[in-house]
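Number of protein chains: 2
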Amino acid sequence: MARPRTTPRTVEHPELSEVTLQQALEALADPVRRMVVCQLTQAGGEKGCGTFDTPVSDSTLTHHFNVLREAGVIRQHYRGTTKLNSLRTEEMEARFPGLLPAVVTAADAEA
Amino acid sequence: MARPRTTPRTVEHPELSEVTLQQALEALADPVRRMVVCQLTQAGGEKGCGTFDTPVSDSTLTHHFNVLREAGVIRQHYRGTTKLNSLRTEEMEARFPGLLPAVVTAADAEA
DNA sequence: CTGAAGGTTCGATGACGGTCGTACTATGAA
DNA sequence: TTCATAGTACGACCGTCATCGAACCTTCAG
Numbered sequence: 001m002a003r004p005r006t007t008p009r010t011v012e013h014p015e016l017s018e019v020t021l022q023q024a025l026e027a028l029a030d031p032v033r034r035m036v037v038c039q040l041t042q043a044g045g046e047k048g049c050g051t052f053d054t055p056v057s058d059s060t061l062t063h064h065f066n067v068l069r070e071a072g073v074i075r076q077h078y079r080g081t082t083k084l085n086s087l088r089t090e091e092m093e094a095r096f097p098g099l100l101p102a103v104v105t106a107a108d109a110e111a
Numbered sequence: 001m002a003r004p005r006t007t008p009r010t011v012e013h014p015e016l017s018e019v020t021l022q023q024a025l026e027a028l029a030d031p032v033r034r035m036v037v038c039q040l041t042q043a044g045g046e047k048g049c050g051t052f053d054t055p056v057s058d059s060t061l062t063h064h065f066n067v068l069r070e071a072g073v074i075r076q077h078y079r080g081t082t083k084l085n086s087l088r089t090e091e092m093e094a095r096f097p098g099l100l101p102a103v104v105t106a107a108d109a110e111a
């Protein structure tokens with residue numbers, strides 16, 4: 001009944017129609033962010049921020065998640081203290097047909 | 001008969017197998033370079049360096065052509081004083097399937 | 001030979017972005 | 001209430017890159 005002491009944590013997501021190709025390509029042009037995308041693809045669903053294998057610090061990783069979210073690549077929401085991430089696969093496909101699959105395929109092939 | 005006073009101008013091109021996804025994405029992530037790629041797609045063949053419509057200076061444009069060439073996106077060769085550019089479409093498709101078409105399609109759709 | 005057109009090279013500059021550590025907030029468990 | 005966990009915000013640092021102008025090189029036409 002009681003309102004929480006503070007507002008629940010929410011996350012802003014852009015409409016894919018508002019996202020530019022420039023944003024999408026810049027987002028995907030960073031190796032750490034591609035790691036995130038690939039691991040998310042492999043997971044096949046949601047994945048907590050802390051469960052990614054990357055070579056950077058937590059605060060840097062937060063930055064990368066923000067970039068990916070603002071580029072429309074991922075969706076984020078809280079569950080308790082955990083922040084869950086998932087790919088906006090269908091929306092990305094509608095906005096930039098073939099782009100995400102091409103990048104993920106090439107990235108996987110390289111690794 | 002006489003040998004030219006100086007060696008003819010040649011241009012070095014990487015094998016696509018030596019090009020990384022990182023290079024390709026960085027090359028395509030710049031708006032001026034995407035203009036070049038799109039205008040080259042529209043031309044459907046070769047196009048002289050001076051015939052591109054971009055907002056930057058000649059020397060900057062030279063830089064962008066170098067980046068695109070080293071990323072395996074374009075091929076360049078001289079004819080007289082003119083340098084001709086063409087897309088390495090098939091090779092790019094073999095190395096990064098779907099990537100170039102996806103970017104060009106999205107770029108054209110945005111414009 | 002001379003001039004002009006087409007590109008390149010070089011150095012400087014300025015902006016942007018990835019990185020980190022530290023301090024902080026929010027949530028849930030004890 | 002207290003503590004631990006998960007992640008964020010902020011500021012600083014630093015390297016990289018897009019950009020330019022000026023000087024230069026190469027080729028072809030007179």
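In order, the protein sequences belong to chains A and B.
Our numbering numbers the first residue of the first sequence as 1 and each following residue consecutively.
Our numbering numbers the first residue of the second sequence as 1 and each following residue consecutively.
Where a beta carbon is used, it is the ideal one built from N, C-alpha and C, also for glycine.
On a predicted model such as this, the values are computed, not experimentally measured, just so you know.
{"Query": "Contact set for B/Glu46: own chain, Cβ-Cβ below 6 Å, skip 5 residues either direction", "Result": "Leu84 and Ser86"}
{"Query": "Unbroken beta strand (DSSP E) run spanning B/His63, endpoints", "Result": "It is not in any beta strand (DSSP E) - B/His63 instead sits in the alpha helix (DSSP H) that spans Asp58 to Glu70."}
{"Query": "Any C-beta of chain B under 7 Å from that of A/Glu110", "Result": "yes"}
{"Query": "B/Val103: contacting residues in chain A (beta-carbon distance under 8 Å)", "Result": "Leu21, Leu25 and Leu99"}
{"Query": "Contact between the region 26-45 of chain B and the region 56-71 of chain B (3+ Cβ pairs under 8 Å)", "Result": "yes"}
{"Query": "Continuous alpha helix (DSSP H) stretch holding A/Leu99: start and end", "Result": "Leu99 to Glu110"}
{"Query": "Sub-7 Å separation of A/Thr54 and A/Met35 beta-carbons", "Result": "yes"}
{"Query": "C-beta neighbour in chain A for B/Ala124, strict 7 Å", "Result": "The question about residue 124 of chain B has no answer, for chain B in this structure spans 1 to 111."}
{"Query": "Contact test: A/Leu100 Cβ vs the ligand MG heavy atom, cutoff 6 Å", "Result": "Ligands displayed in this structure: none; no statement on the ligand MG is therefore possible."}
{"Query": "Identity of the residue in B/Arg9, B/Arg75, B/Thr41 and B/Gln22 nearest B/Glu15 by Cα", "Result": "B/Arg75"}
{"Query": "Cβ-based neighbour list, A/Tyr78, same chain, cut-off 6 Å, excluding 5 preceding and 5 following", "Result": "Arg9"}
{"Query": "B/Leu84 - partner residues in DSSP beta bridges", "Result": "B/Gly48 and B/His77"}
{"Query": "Interface positions of the region 40-67 of chain B facing chain A (Cβ-Cβ less than 8 Å), listed along the chain", "Result": "none"}
{"Query": "For B/Ala94, three-class secondary structure by DSSP", "Result": "helix"}
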